[in-house]
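Visitor: Quick note: the sequence shown uses my numbering, first residue 523, plus one each step. Below is the structure I would like to discuss, written out as structure tokens.
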Amino acid sequence: MTNSSTRELILYLEPMHGSPFRIHVDNFIENSRMRFHFTTACKYDCHSSMTGFFSVQQNDLQQIIDTLNTIIHSKSTLLGRDTPKVKTTPLLVRKATAIIDQGTQQPRVINEFPVHLLLPLAAPEPYHKVVSEFAEKYPAIRPKAINHISLGYWDEPHATPEQNAKWNRLVLEDRLMERMYEAARETFRNDISPNEWDIVLYERTLKGVNVGNRHEFMERGRWPATRQ
Numbered sequence: 523m524t525n526s527s528t529r530e531l532i533l534y535l536e537p538m539h540g541s542p543f544r545i546h547v548d549n550f551i552e553n554s555r556m557r558f559h560f561t562t563a564c565k566y567d568c569h570s571s572m573t574g575f576f577s578v579q580q581n582d583l584q585q586i587i588d589t590l591n592t593i594i595h596s597k598s599t600l601l602g603r604d605t606p607k608v609k610t611t612p613l614l615v616r617k618a619t620a621i622i623d624q625g626t627q628q629p630r631v632i633n634e635f636p637v638h639l640l641l642p643l644a645a646p647e648p649y650h651k652v653v654s655e656f657a658e659k660y661p662a663i664r665p666k667a668i669n670h671i672s673l674g675y676w677d678e679p680h681a682t683p684e685q686n687a688k689w690n691r692l693v694l695e696d697r698l699m700e701r702m703y704e705a706a707r708e709t710f711r712n713d714i715s716p717n718e719w720d721i722v723l724y725e726r727t728l729k730g731v732n733v734g735n736r737h738e739f740m741e742r743g744r745w746p747a748t749r750q
């Protein structure tokens, strides 16, 4: 966690507040929590990460905001010309994953373990340019791929062994992620990619460390990317 003299920031690409698609995504994540199980996606609202989290000194916060303002406004015509596109057919990502076998208490690798339910996103090059120019000025920034909106995944470093075991059992035996995938296919079947997007700088004011706890954010800057 940051101390009182630092601020933890992150840059997001978001569908505009109040847009039907954004509401639909947020509702799906919350309904999935109630219908299926909590996932790490429940810690956040609808977004695609443009950077990872990064820490700055409190005294540098306004300079960060001013720098972003300059970069984004210098590219406003390019950003508005080519809109990010969401593929509303969900994707269930699988990969080889090591889990603890509850019988032997030894790690074993599960091939094709479902790890991430998402909506693919294509962000045009000017959006990546915003991040790369930002990172040139602040080397602590880690540019992200800006290529998906998460609907469900498990990334809980503070989960207890029992919580991790429960998640693995639900995924392996109850087909939790496959059932969420089918629900997402039905939910977003008639959705279309949103036309209006914002670039948003947030400060994380409270880290939801434990399973089930949401992060809390304060908006530090919002720039309409696709409308002047």
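We put the beta carbon where it would ideally sit given N, CA and C, even for glycine.
Measuring only the C-alpha atoms, how far is leucine 533 from lysine 666?
Guide: Looking at the two C-alpha atoms, the distance is approximately 10 Å.
Visitor: According to the Cβ coordinates, are histidine 680 and asparagine 712 closer than 7 Å?
Guide: No. Outside cutoff.
Visitor: Give the single residue among Ile622, Leu639, Gly540 whose Cα lies nearest to the Cα of valine 631.
Guide: The candidate whose alpha carbon is nearest that of valine 631 is Ile622.
Visitor: Name the residue from Ala687, Ala618, Met538 whose alpha carbon lies nearest to the alpha carbon of threonine 626.
Guide: Per the Cα distances, Ala687.
Visitor: Using 10 angstroms around the beta-carbon of leucine 728, count the other beta-carbons present and answer buried if the total reaches 16, otherwise exposed.
Guide: It is exposed - the Cβ of leucine 728 has fewer than 16 other Cβ atoms within 10 Å.
Visitor: Compare the Cα-Cα distances from leucine 643 to each of Arg557, Asn549, Cys568, Arg742 and report the closest residue.
Guide: Measuring from the Cα of leucine 643, the nearest candidate turns out to be Cys568.
Visitor: Using C-beta distances below 7 Å, list every residue in its chain close to arginine 744, excluding the 5 sequence neighbours before and after it, in chain order.
Guide: Here the set comprises Asp720, Val722.
Visitor: Pick helix, strand or coil for methionine 523, following the three-state DSSP scheme.
Guide: Since pLDDT at methionine 523 reaches only 48, below the 50 mark, its modelled position is unreliable, and no value is offered.
Visitor: Who are alanine 644's beta bridge partners in DSSP?
Guide: In DSSP, alanine 644 forms a bridge with Lys607.
Visitor: How should methionine 699 be labelled, buried or exposed, when 16 other C-beta atoms within 10 angstroms of its C-beta is the threshold for buried?
Guide: Methionine 699 is buried by the Cβ-count criterion.
Visitor: Just to confirm the assignment: which complete beta strand (DSSP E) runs, minimum length 3, are found wholly within the region 658-692?
Guide: Whole beta strand (DSSP E) segments, 3+ residues: 670-675.
Visitor: Can you tell which of His638, Tyr724, Gly734, Asn735 has the C-alpha that lies nearest to the C-alpha of glutamate 536?
Guide: Among His638, Tyr724, Gly734, Asn735, the Cα nearest to that of glutamate 536 belongs to Tyr724.
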